[in-house]
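Numbered by full-length UniProt numbering, the letters in the sequence shown go through residues 1 to 109 in order.
In this text, a Cβ means the ideal position worked out from N, Cα and C, and glycines have one as well.
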Amino acid sequence: MIKVSDTASKKIIDMMQEDGFDATKDYVRVGVKSGGCSGLSYELKFDKELGENDKVFEDNHVKIAVEKKSFLYLAGTVLEFSGGLNGKGFVFNNPNASRTCGCGESFSL
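Here it is, written out as structure tokens:
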């Protein structure tokens, strides 16, 4: 399961509306790809379609689609949004990551 904090939920719903997506029907696609300074990096985008290998979760009024392959790396992750002085953006609090980079956009296991 992937969780979404209250702050991240509000930001996602606002951003989806701005980009022409409907949070009640469309998905936030969360994934992992090779790259980044720690070996793996996070992907986050909006999507209207589901793939046959997607797992779907709903938390805090946000529908999340994750390809099964990426889910192995993301199980238990909490998606948060930080608006502090250190920068704005989404933060992945991933209990599976043994090491993360300073920017918070990549990790290793």
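- The C-beta distance from I64 to F71 rounds to 10 Å, too long to fall under 8 Å, and the pair is not in contact.
- Listed as beta-bridge partners of K55 by DSSP are V66.
- Out of N94, A75, S82, K88, the CA that lies nearest to the CA of D6 is found in S82.
- Here S9 is buried. Its C-beta has 16 or more other C-beta atoms within 10 Å.
- At a Cβ-Cβ threshold of 8 Å, L79 and I13 do not count as neighbours.
- Comparing C-alpha distances from L44 to each of M16, E52, A97, K25 shows the shortest one belongs to M16.
- Residue pairing of K25 in beta bridges, as defined by DSSP: absent, with no partner found.
- Non-local beta-carbon contacts of D59 in its own chain, meaning distances under 6 Å to residues more than five positions away in sequence, involve K3, V4 in chain order.
- Non-local beta-carbon contacts of K55 in its own chain, meaning distances under 7 Å to residues more than five positions away in sequence, involve V66, K68, F71 in chain order.
- Nearest to G76 by alpha-carbon distance, out of V28, N93, K48, D47, is N93.
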